[in-house]
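2 protein chains.
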Amino acid sequence: TMNLRSMEPSSIRTLLRNGEHKREPTTYWAEGYKQTNLAILPRKLAKDFEEFARGNLGALPLLYVSKAGELSAGYLGKNSDVRTDAPAYQIVANKTRTIVDNLLEFDWSDMVTFYIGCSFSFTQILVENKLLTPSTKGVSIFRTNIDCYESGPFKCKMVVSMKAISKHALSKIHQITSKFPDVHGAPIHYGNPARIGIPDINDCIGDTTDFVENDVAVFWCCGFTAVEALMQANVERAFTHGPNSVFVTDVKQEAVNTE
Amino acid sequence: TMNLRSMEPSSIRTLLRNGEHKREPTTYWAEGYKQTNLAILPRKLAKDFEEFARGNLGALPLLYVSKAGELSAGYLGKNSDVRTDAPAYQIVANKTRTIVDNLLEFDWSDMVTFYIGCSFSFTQILVENKLLTPSTKGVSIFRTNIDCYESGPFKCKMVVSMKAISKHALSKIHQITSKFPDVHGAPIHYGNPARIGIPDINDCIGDTTDFVENDVAVFWCCGFTAVEALMQANVERAFTHGPNSVFVTDVKQEAVNTE
Numbered sequence: 001t002m003n004l005r006s007m008e009p010s011s012i013r014t015l016l017r018n019g020e021h022k023r024e025p026t027t028y029w030a031e032g033y034k035q036t037n038l039a040i041l042p043r044k045l046a047k048d049f050e051e052f053a054r055g056n057l058g059a060l061p062l063l064y065v066s067k068a069g070e071l072s073a074g075y076l077g078k079n080s081d082v083r084t085d086a087p088a089y090q091i092v093a094n095k096t097r098t099i100v101d102n103l104l105e106f107d108w109s110d111m112v113t114f115y116i117g118c119s120f121s122f123t124q125i126l127v128e129n130k131l132l133t134p135s136t137k138g139v140s141i142f143r144t145n146i147d148c149y150e151s152g153p154f155k156c157k158m159v160v161s162m163k164a165i166s167k168h169a170l171s172k173i174h175q176i177t178s179k180f181p182d183v184h185g186a187p188i189h190y191g192n193p194a195r196i197g198i199p200d201i202n203d204c205i206g207d208t209t210d211f212v213e214n215d216v217a218v219f220w221c222c223g224f225t226a227v228e229a230l231m232q233a234n235v236e237r238a239f240t241h242g243p244n245s246v247f248v249t250d251v252k253q254e255a256v257n258t259e
Numbered sequence: 001t002m003n004l005r006s007m008e009p010s011s012i013r014t015l016l017r018n019g020e021h022k023r024e025p026t027t028y029w030a031e032g033y034k035q036t037n038l039a040i041l042p043r044k045l046a047k048d049f050e051e052f053a054r055g056n057l058g059a060l061p062l063l064y065v066s067k068a069g070e071l072s073a074g075y076l077g078k079n080s081d082v083r084t085d086a087p088a089y090q091i092v093a094n095k096t097r098t099i100v101d102n103l104l105e106f107d108w109s110d111m112v113t114f115y116i117g118c119s120f121s122f123t124q125i126l127v128e129n130k131l132l133t134p135s136t137k138g139v140s141i142f143r144t145n146i147d148c149y150e151s152g153p154f155k156c157k158m159v160v161s162m163k164a165i166s167k168h169a170l171s172k173i174h175q176i177t178s179k180f181p182d183v184h185g186a187p188i189h190y191g192n193p194a195r196i197g198i199p200d201i202n203d204c205i206g207d208t209t210d211f212v213e214n215d216v217a218v219f220w221c222c223g224f225t226a227v228e229a230l231m232q233a234n235v236e237r238a239f240t241h242g243p244n245s246v247f248v249t250d251v252k253q254e255a256v257n258t259e
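Order-wise, the sequence lines are chains E and W. Taking UniProt numbering, the leading residue of the first sequence gets 1, the next gets one more, and so forth. Taking UniProt numbering, the leading residue of the second sequence gets 1, the next gets one more, and so forth.
Written as structure tokens, this is what we have:
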């Protein structure tokens, strides 16, 4: 099998466009490059959604917002096609979610795409720094009791991602991830999940996480907040990336620090 | 004197529009509300600057981008006038900077305003948590050796702000500020200023900071990076807020965490 870890983002997108590697998770793909969540909405909802994202920039750091009908990702991926270049997509329609391989069947002229920073962008860096235990390959996601900034129909609780981190590594995980503020940055909580509205760490969206001795649940703002907002707003039809299958950009993920 | 700390943002903006409190720093004004840096450019430069900001979202979190000619701040301040409602402005023209009270004399039809999250938004919260020593009233700003993401003519080193924080409070300062990712979030460095290109902590832009025993220099990404980018790009004419005199919004600064 081809090594997607060391492949150029544009080559990966070409494979995906040709129908290969569909439904695979993009974790560790194109090491060193930013990956983005996708939220794709009809133009009539775009203004409210953009305000929603700007008001919750920790969860939804906007790296690019397309014009209506624009297929490519601006500076993030010049020859890209947002309808085909992620491994999977989610159709969100009246509170249901359906996974599909591509979005080619839909009229695109009125659609606006939001490219949102994703923590997959720094997963490899955490591994290199020996901060992820073998138990942290999946992504556990939770709804919290934290109110998002509201805009128009978009009103929901903040969604967070969680990783199991050794308590001895808490300081280092905080320091390293804080250097990536454009992809959620530092954790926003650890210690007491119940305080942010999570009574049961096994009751999550996505994969459950196994803890080993000394592991602590560490939480970050999460781009899945967009899905939650689209569901709660009961939009007629919108699209997102598929779970764990996001968009690989041509822009390097660089820490804002030389250490 | 009126108590600007407890005043509503819209009332403060009205006073400023009437010429009162000009050239005063906005630190601690309108407690609990977001304050924003301003970068105002001719439309022909706006696309490149927006990409520059999105590529450096830690330093330049975009809370609102106006249409060309738009005077008000969208959801950030519905009845605002960006030409008058900050205490001071800077005209950046061919690498010179000039401070003025307002921008009423300029044709606005072609100007695009970027409202950028500012750490003044959480200063009061740091004081309440006893994390700022009396020596930390001013803001010391430094150029670093960290390359910004480049876009068009905008290419410069990251600018950071610095506060003197007791070494005993480092963990808490990290935890608290990480809950405000939309206004720069957690520190990106402490320990060794030389590592990020700062050989002399007294050689700064803005006010020098006095250190007391056990204080450590803590650095955050800073919106002044916009000024640096405009200067380095040698733009013919652009505007920013005046030093320490930023724009007070109607949007509450809420932490993304209940603790």
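Glycine included, C-beta positions come from ideal geometry on N, C-alpha and C. All values derive from a computational prediction rather than experimental measurement.
Taking 8 Å as the threshold, find out whether the stretch 72-82 of chain E comes into contact with the stretch 71-78 of chain W through three or more Cβ pairs. no
For K130(W) and K163(W), what's the separation of their Cα atoms in angstroms? Translated into the one-based positions of the second sequence, residue 130(W) becomes position 130. Translated into the one-based positions of the second sequence, residue 163(W) becomes position 163. In a straight line, the C-alpha of K130(W) is about 13 Å away from that of K163(W).
Beta-carbon proximity check, S119(E) vs W29(E), cutoff 9 Å: One-based indexing of the first sequence puts residue 119(E) at position 119. One-based indexing of the first sequence puts residue 29(E) at position 29. Taking 9 Å as the Cβ cut-off, S119(E) and W29(E) do not qualify as a contacting pair.
Just curious, the beta strand (DSSP E) that G117(W) is in, first and last residue? Start at 1 with the first residue of the second sequence, and residue 117(W) comes out as number 117. Counting along the chain, the beta strand (DSSP E) containing G117(W) begins and ends at 111-117.
Going by CA-CA distance only, name the one from I173(E), G206(E), T113(E), G32(E) that's closest to F224(E). Taking the first residue of the first sequence as 1, we reach residue 224(E) at position 224. When only C-alpha atoms are compared, the closest one is G206(E).
Between which two residues does the alpha helix (DSSP H) containing L132(W) stretch? In the second sequence, residue 132(W) corresponds to position 132, counting from 1. Element bounds for L132(W): n/a, residue is neither H nor E.
Counting only Cβ pairs nearer than 7 Å, list the residues of chain E close to D182(W). Start at 1 with the first residue of the second sequence, and residue 182(W) comes out as number 182. Within 7 Å Cβ-Cβ: L57, G58.
Does any residue of chain W have a CB that is nearer than 9 Å to the CB of R143(E)? In the first sequence, the residue the question calls residue 143(E) occupies position 143. Output row for R143(E): interface = no.
Beta-carbon separation of N94(W) and N234(W) under 9 Å? Taking the first residue of the second sequence as 1, we reach residue 94(W) at position 94. Taking the first residue of the second sequence as 1, we reach residue 234(W) at position 234. It is a contact, given that the beta carbons lie within the stated cut-off.
At 9 Å on the CB atoms, spell out the chain W contacts of L62(E), in chain order. Stepping through the first sequence from its first residue, residue 62(E) is reached at position 62. In chain order: R54, L57, L62.
Any chance the stretch 236-246 of chain W sits against the stretch 186-200 of chain W, with 3 or more Cβ pairs inside 8 Å? no
Taking C-alpha atoms, which residue in E254(W), K44(W), I201(W), V248(W) lies nearest to D85(W)? One-based indexing of the second sequence puts residue 85(W) at position 85. Residue V248(W) is the option with its Cα nearest to D85(W).
Looking at chain E, is there any beta carbon in it that lies within less than 9 Å of the beta carbon of D20(W)? The count along the second sequence starts at 1 and reaches residue 20(W) at position 20. At residue 20(W) the sequence reads Glu, which differs from the Asp that was named. False, the Cβ-Cβ gap to chain E never drops below 9 Å.
Under the DSSP definition of a beta bridge, which residues are partnered with T96(W)? Counting from one through the second sequence, the residue named residue 96(W) turns up at place 96. Answer by DSSP bridge pairing, in chain order: A93(W).
Counting only runs of 3+ residues fully inside the stretch 26-50 of chain W, write out the beta strand (DSSP E) ranges in chain order. 33-42
Can a CB atom of chain W be found closer than 9 Å to the CB of P232(E)? Walking along the first sequence from the start, residue 232(E) turns up at place 232. Here residue 232(E) is Gln; the residue named in the question, Pro, does not match the sequence. Output row for Q232(E): interface = no.
Are any of the Cβ atoms in chain E nearer than 9 Å to that of Y75(W)? To locate residue 75(W), count along the second sequence from 1; it is residue 75. Interface residue, yes.
Starting from K172(E), follow the alpha helix (DSSP H) in both directions and report where the run begins and ends. If you number the first sequence from 1, residue 172(E) lands on position 172. Where K172(E) is concerned, the enclosing alpha helix (DSSP H) stretches over 170-177.
Selected residue, minimal CA-CA separation from Q35(W), among L41(W), K157(W), V112(W), R5(W): Locating residue 35(W) in the second sequence gives position 35, where the first residue counts as 1. Nearest option by C-alpha distance: R5(W).
Which residues, in chain order, does the stretch 142-162 of chain E contribute to contact with chain W at a C-beta distance below 9 Å? T144, N145, I146, D147, C148, Y149, S151, M158, V160
At a CB-CB cut-off below 9 Å, which residues of chain W make contact with E51(E)? In the first sequence, counting from the first residue as 1, residue 51(E) sits at position 51. Result: Y64, G74, Y75.
Cβ distance (whole Å) where residue 268(E) is taken to contact A226(E) below 8 Å: Nothing can be reported for residue 268(E): it is not among the residues displayed for chain E, which extend from 1 to 259.
Out of P181(W), V216(W), D210(W), which has the shortest C-alpha to C-alpha gap to P193(W)? To locate residue 193(W), count along the second sequence from 1; it is residue 193. Comparing Cα positions, the closest option is V216(W).
So with Cβ pairs under 9 Å, would you call C221(W) a contact of chain E? Start at 1 with the first residue of the second sequence, and residue 221(W) comes out as number 221. Yes, because at least one Cβ of chain E sits closer than 9 Å to the Cβ of C221(W).
Can you find a C-beta in chain W that's less than 9 Å from the C-beta of A186(E)? Residue 186(E) sits at position 186 when you count from the first residue of the first sequence. Chain W, which has a Cβ nearer than 9 Å to the Cβ of A186(E), makes this yes.
Selection of the stretch 163-175 of chain W by Cβ proximity to chain E, strictly under 8 Å: S171, H174, Q175
Which full runs of the beta strand (DSSP E) of 3+ residues lie inside the stretch 180-239 of chain W, going along the chain? 215-221
Would you identify the three-state DSSP class for F106(W), choosing helix, strand or coil? The sequence position of residue 106(W) within the second sequence is 106, counting from 1. Coil at F106(W), not helix or strand.
S166(E), enclosing beta strand (DSSP E) - first and last residue: By one-based count along the first sequence, residue 166(E) stands at place 166. Where S166(E) is concerned, the enclosing beta strand (DSSP E) stretches over 157-166.
Whether M111(W) touches G69(W) by CB criterion (9 Å): The residue you call residue 111(W) lines up with position 111 of the second sequence. The residue you call residue 69(W) lines up with position 69 of the second sequence. Yes; because the gap between Cβ atoms is below 9 Å, this pair is in contact.
S140(W) (DSSP reduced to helix, strand or coil): Within the second sequence, the letter at position 140 stands for residue 140(W). Reduced to three states, the DSSP call for S140(W) is strand.
Listed by chain order, chain E residues near V251(W) by CB distance under 8 Å: Along the second sequence, read from residue 1 onward, the residue named residue 251(W) stands at position 251. What V251(W) touches in chain E: G55, Y149.
Simplified DSSP assignment, three categories, for L4(W): The sequence position of residue 4(W) within the second sequence is 4, counting from 1. If DSSP states are grouped into helix, strand and coil, L4(W) belongs with coil.
If I'm right that S178(E) touches G185(W) with Cβ under 8 Å, what's the distance once you round it to whole angstroms? Within the first sequence, the letter at position 178 stands for residue 178(E). Within the second sequence, the letter at position 185 stands for residue 185(W). Their Cβ separation, rounded to whole angstroms, is 6 Å, which keeps S178(E) and G185(W) in contact under 8 Å.
Less than 9 Å between the beta carbons of Q253(E) and S161(E), yes or no? Reading the first sequence from its first residue, position 253 is the one you call residue 253(E). Reading the first sequence from its first residue, position 161 is the one you call residue 161(E). No, the pair does not count as a contact, with Cβ atoms beyond the cut-off.
Taking DSSP as the reference, what is the three-state secondary structure of L60(W)? As a first step, residue 60(W) is located in the second sequence; it is residue number 60 there, counting from the start. Reduced to three states, the DSSP call for L60(W) is coil.
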